[in-house]
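Heads up, the thing below is written out as structure tokens.
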Amino acid sequence: MSLFQKFWLVRSSITLARIAAAAAIAIGIATTGCTARSGGDGKTLEVGNGAEPKDLDPHITTGVPESHILQNLFEALVSKDAKTLDPVPGVAESWTISKDGRVYTFKLRENSKWSDGSPLTAIDFVYSWTRLLEPKTAAEYAYQAYYVKNGKAYNEGKLKDASQLGLKAIDARTFQVTLEQPTPFFLSLLFHHSLYPVPQKAIEAHKEKWTRPENFVSNGAFKLEKWEMNKVISVVKNPNYWDAATTTLDRVNFWPIEKADTEEKMFRSGKLHVTDTVPLEKISHWQADKSGVYNQHPYLGVYYYWFNVTKKPFDDKRIRQALALAIDRTRIVKYVTRAGQIPATFFTPPGTGGYNPKPRLPADLSQLDKAKKLLADAGYPNGKGMPPVEVLFNTQDGHKKIAEAIQQMWKENLGIEVTLVNQEWKVYLDTLRTKSYQAARAGWIGDYNDPNTFLDMFVTGNGNNRCGFANKAYDALLDEATKEQDVAKRLAIFDKAEAILMEEMPVMPIYIYTRTFLKQPEVTGWFANVEGMHQMKFVRLATKSVQ
Amino acid sequence: MGLRWLLNRLVVTIPVFFTVVTAVFFMIRFAPGGPFDSEKELPPGVKENLAAKYHLDEPLYQQYLRYWGDLAHGDLGPSFKHANRTVNEIIAESLPVSAELGLLALFWAMLIGVSSGIVAALKRNTLWDYIPMSVSILGICLPTFVIGPLLVLAFAIGLDWLPVAGWESWEHRVLPSITLGFAYAAYLSRLTRGGMLEILSQDFIRTARAKGLSEARVVLHHALRGGLLPVISYLGPAIAGILTGALVTETIFHIPGLGRFFVESALNRDYTVVMGTALLYFALIFVCNMLVDVAYALLDPRVRYE
């Protein structure tokens with residue numbers, strides 16, 4: 254074969270390949286050009302929502318992404334003010350509380366309806382809460398209704414007769430709840446999705462498939478139209494909602510984008526109006542950005558380390574205190590986490606249900622001398638003779654960075670060696686549960702806006718007490734607080750309890766969470782609050798195409 | 020070849036199937052942590068209810084037998100993590116997506132990989148050889164989570180030609196399939212080059228050229244059949260892998276495919292989904308390897324099965 258022929262053969266096969274590729278891209282460009290940066294039709298809100306929901310049955314779900322969707326599909330008996338999170342009328346337009354604080358009588362709105370037009374009555378609430386407690390439902394949040402009389406017994410199977418529960422439909426518009434004991438924060442509990450009303454007819458007809466879009470019935474500002482797994486959940490305005498006039502959006506699309514990077518890029522290309530989070534490496538970039546899309550708000554959560562008090566070395570209070578005083582919280586939030594977190598000089602986030610704990614820990618190293626003395630008293634002057642401390646965290650870059658910073662601080666300030674151990678999430682949970690760790694990273698997000706959700710886990714034997722803390726005085730104070738009806742007195746009791754906590758130091762608080770997210774300027778009515786709750790019925794979208 | 024060979028293969032595979040089911044079943048249950056372990060501890064009553072609902076309170080051997088019973092009916096069970104979906108539904112929804120992504124990736128891989136490999140073999144030790152081979156090293160070394168975001172930055176954000184993520188229209192297919200196919204293209208180009216070089220040095224090629232056949236016919240008709248043998252062997256398991264292992268690409272581009280379930284189910288201890296995807300993978304490998312053998316028989320006259 255001639256040189257020319259060879260050359261031609263080679264050239265032609267490459268050219269063919271090039272043409273094919275170019276054609277593909279050309280088609281891509283031609284059809285992409287106009288729509289890649291569309292700002293939408295002004296009535297559809299595109300929201301990044303973190304993870305794919307486990308389900309949309311309020312009795313089955315446990316996660317935050319699900320709650321974001323559910324609070325728009327359903328409405329609670331008592332809702333929350335979008336800005337202050339104070340209880341406001343929801344399905345119930347008014348309520349009365351008995352003098353002993355045990356009986357709540359709710360008057361439902363006259364025009365309450367389900368999204369399919371059928372009436373929503375008090376019987377629906379009796380049915381729903383009973384279903385929540387029903388053992389067969391196996392609801393993970395069933396304990397939210399343990400405050401109801403006989404709720405715990407029924408859920409544990411000890412009581413078989415559901416009519417013995419403290420739930421009564423006095424008439425179609427009156428729903429009465431009898432509690433086990435007076436519960437001052439009961440009204441703020443009602444916003445939790447486990448206590449939403451669920452559609453009896455749909456559930457009985459379709460069983461687990463009732464949450465499919467074609468079967469779904471709900472009572473909130475929106476109804477479910479589309480649910481494509483790992484792709485998108487689309488909800489549309491519910492015309493049968495009593496306050497439908499307030500809702501201006503036609504549709505909200507929730508995108509379960511797991512990778513923060515991808516979500517941020519989608520925001521930049523105009524496909525999302527609001528993101529769920531901001532990638533850690535991009536925070537400083539967005540903080541410097543002047544366009545106002547970056548948002549940063551305190552969040553109802555605390556990041557801390559557990560000290561396993563059942564094992565050496567943390568069975569010694571002095572060592573726990575020494576280590577807690579020897580980290581520079583300000584440096585950590587400034588240089589490691591960098592998203593405006595507040596150094597936790599207490600355990601309960603400030604402002605929780607109006608509670609402002611007294612700071613009992615330094616935000617910096619001002620008490621380092623005291624720490625060194627404590628360590629010396631415990632028998633390890635300058636860390637001499639102390640075996641390495643193991644710090645456990647679940648595998649994630651952010652936790653690793655914080656652990657490394659703390660490792661360095663303890664070495665520099667106290668002369669203590671630290672080994673870092675990371676485990677996969679489920680293994681980490683198992684290790685915590687079996688208390689086979691020394692110090693472990695943890696985070697706690699409040700279930701409701703009251704200090705009890707943060708402080709009751711330290712009660713002896715509480716299921717969430719991962720460190721084995723057992724203090725009778727503390728237990729007594731928490732018990733007293735759950736019974737106290739006067740708000741100011743109650744908060745004072747909590748502060749006393751927290752004083753014990755910060756003295757015994759079974760945990761080392763590090764910082765109070767913040768929520769960071771990006772939001773296009775044409776989105777308004779998206780109010781910041783510590784629980785990160787956003788009711789889309791208040792959100793307004795100005796018509797503007799994004800550049 | 021024929022029916023006897025096929026039956027032979029099936030008979031050999033059955034004990035492997037049993038072993039896979041048993042091994043995966045017990046391994047995932049012995050891993051620390053369970054499907055319902057969560058940060059907030061569940062009250063004991065709730066835990067019991069959950070265990071009863073999913074038969075986790077039964078003795079292990081009973082759960083094992085129950086699984087076989089369901090499997091015989093083709094029922095892979097409910098997902099533990101995605102509470103209202105069954106494994107069958109999950110696979111039915113996400114497998115076609117992964118299949119499409121995988122096939123497109125293979126298309127790119129074959130197009131770029133095989134053609135560059137042929138050219139490199141023909142123009143050995145020239146720039147036509149060095150450049151593709153160097154680029155292929157890049158493709159093998161750079162992981163998808165580097166290539167993907169780079170392509171997105173260049174074409175989606177920078178040039179605004181293509182979307183950042185998602186799986187709706189025609190444009191959404193381009194970047195993910197190129198990202199996924201890039202690594203395979205790299206392997207394919209090296210394999211093709213190697214295979215072609217080996218074949219082109221054979222006597223029968225010299226004969227063909229001596230007989231005056233055009234170079235095109237020599238390469239494309241005579242040499243390619245043998246030169247592609249290593250490629251075919253590689254493609255068998257690669258196809259199975261590309262369908263189930265595109266986790267990173269699917270996550271970066273937010274594609275609702277099977278790869279994500281494959282990995283996430285293990286992390287979530289979603290026992291049924293783990294079993295379902297493992298069995299699917301097993302079936303895919305079985306089928307693909309069979310196809311490889313058939314292809315060998317067709318391509319290589321030296322191979323004969325009775």
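Residue numbers (this note's numbering), protein chains in the order written: chain E, 254 to 800; chain F, 20 to 325.
Ideal Cβ placement from N, Cα and C applies to all residues, glycine included.
Note that the coordinates shown come from a computational prediction; the quantities given were computed from them, not determined experimentally.
Inset, instruction - Identify whether Trp186(F) lies in helix, strand or coil by the three-state DSSP scheme. - result: Coil at Trp186(F), not helix or strand.
Inset, instruction - Answer yes or no: do Gln676(E) and Thr684(E) have a C-beta to C-beta separation smaller than 8 Å? - result: yes
Inset, instruction - To the nearest angstrom, report how far apart Asn408(E) and Tyr400(E) are at their CA atoms. - result: 12 Å
Legend entry - Separation of Gln324(E) from Gln663(E), as counted between CA atoms: In the sequence on display, residue 663(E) carries Trp and not Gln. Roughly 43 Å between the two C-alpha positions.
Inset, instruction - Compare the Cα-Cα distances from Ile486(E) to each of Thr314(E), Asp496(E), Ile510(E) and report the closest residue. - result: Ile510(E)
Legend entry - CB contact flag (Thr236(E), Gln429(E), <8 Å): Any question about residue 236(E) goes unanswered here, given that chain E covers just 254 to 800.
Legend entry - Whole-angstrom distance between Glu58(F) and Gly716(E), CA atom to CA atom: 10 Å
Legend entry - Residues of the region 137–168 of chain F with Cβ closer than 8 Å to any Cβ of chain E, in chain order: If the cut-off is 8 Å between Cβ atoms, the region 137–168 of chain F has Ile137, Val138, Leu141, Lys142, Trp147, Pro168 near chain E.
Inset, instruction - Verify whether the separation of the beta carbon atoms of Arg279(F) and Leu266(F) is less than 8 Å. - result: yes
Legend entry - Same chain only: Cβ atoms within 8 Å of Thr598(E), ignoring 5 sequence neighbours per side: Within the same chain, Thr598(E) has close Cβ partners Arg582, Pro612, Arg613, Leu614, Pro615, Ala616, Pro762.
Inset, instruction - Please list the residues of the region 482–494 of chain E that have a C-beta atom closer than 9 Å to any C-beta atom in chain F, keeping them in chain order. - result: Met482, Asn483, Lys484, Val485
Inset, instruction - Out of Leu90(F), Met309(F), Leu22(F), state which residue places its alpha-carbon closest to the alpha-carbon of Phe44(F). - result: Leu90(F)
Legend entry - Nearest-angstrom beta carbon gap, Asn724(E) and Ile753(E) [assumed within contact, 8 Å]: 6 Å
Legend entry - Distance, Arg694(E) Cα to Tyr633(E) Cα: 24 Å
Inset, instruction - Give the interface partners of Lys230(F) over in chain E, defined as CB-CB distance under 8 Å, in chain order. - result: Within chain E, no residue comes near Lys230(F); the closest Cβ sits about 12 Å away, beyond 8 Å.
Legend entry - Ser441(E), DSSP secondary structure in three states: Here Ser441(E) carries a helix assignment [DSSP, helix/strand/coil].
Inset, instruction - Below 8 Å CB to CB, which residues in the same chain sit around Ser196(F) once its five sequence neighbours on both sides are set aside? - result: Leu120, Leu123, Ala124, Phe126, Trp127
Inset, instruction - Reducing DSSP to helix, strand and coil, say where Trp678(E) ends up. - result: helix
Inset, instruction - Run through the region 368–454 of chain E for me and flag every whole alpha helix (DSSP H) of 4 or more residues, listed as ranges in chain order. - result: 375–386, 404–408, 439–442
Legend entry - C-beta contact flag for Gln788(E) and Ala345(E) at 8 Å: no
Legend entry - Residue from Gly604(E), Glu756(E), Phe378(E) whose Cα sits closest to the Cα of Phe327(E): The shortest Cα separation from Phe327(E) among Gly604(E), Glu756(E), Phe378(E) belongs to Phe378(E).
Legend entry - Spatial neighbours of Leu731(E) in its chain, beta-carbon cut-off 7 Å, leaving aside the 5 residues before and after: Result list for Leu731(E): Leu708, Asp709, Val712, Ala750, in chain order.
Legend entry - Minimum C-alpha distance to Ile313(E) - residue among Tyr552(E), Val451(E), Asp424(E): Val451(E)
Inset, instruction - With a 10 Å radius around its C-beta and 16 neighbouring C-beta atoms as the bar for buried, classify Tyr588(E) as buried or exposed. - result: exposed
Legend entry - Boundaries of the alpha helix (DSSP H) in which Leu628(E) is found, first to last residue: Unbroken alpha helix (DSSP H) run through Leu628(E): 621–630.
Legend entry - Backbone CA spacing between Phe600(E) and Lys688(E) [nearest angstrom]: 21 Å
Legend entry - Cα-Cα separation between Tyr396(E) and Tyr290(F), rounded to whole angstroms: 26 Å
Legend entry - For His191(F) and Leu178(F), the rounded distance between their alpha carbons: 15 Å
Inset, instruction - Please confirm if the region 493–503 of chain E is in contact with the region 295–309 of chain E, defined as three or more CB-CB distances below 8 Å between the two stretches. - result: yes
Legend entry - As assigned by DSSP and simplified to three states, the class of Leu553(E): strand
Inset, instruction - Mark Leu361(E) as exposed unless 16 or more other C-beta atoms lie within 10 angstroms of its C-beta, in which case mark it buried. - result: The Cβ neighbour count for Leu361(E), taken over all protein chains shown within 10 Å, is at least 16; the residue is labelled buried.
Legend entry - the region 101–121 of chain F: positions lying closer than 8 Å to chain E by Cβ: His101, Ala102, Asn103, Arg104, Ile109, Glu112, Ser113
Legend entry - First through last residue of the beta strand (DSSP E) which encompasses Pro318(E): Where Pro318(E) is concerned, there is no enclosing beta strand (DSSP E), although the alpha helix (DSSP H) it sits in stretches over 317–326.
Legend entry - Leu318(F) beta carbon less than 8 Å from that of Leu248(F): yes
Inset, instruction - Give a single yes or no on whether Ile258(F) has its beta carbon closer than 7 Å to a heavy atom of the ligand ADP. - result: With respect to the ligand ADP, the structure shown offers nothing to examine, as it has no ligands at all.
Inset, instruction - Using a Cβ-Cβ cut-off of less than 7 Å, list which residues of the region 273–296 of chain F approach chain E; keep chain order. - result: Closer than 7 Å at the C-beta level to chain E, one finds these residues of the region 273–296 of chain F: His273, Pro275, Arg279, Leu286, Arg288.
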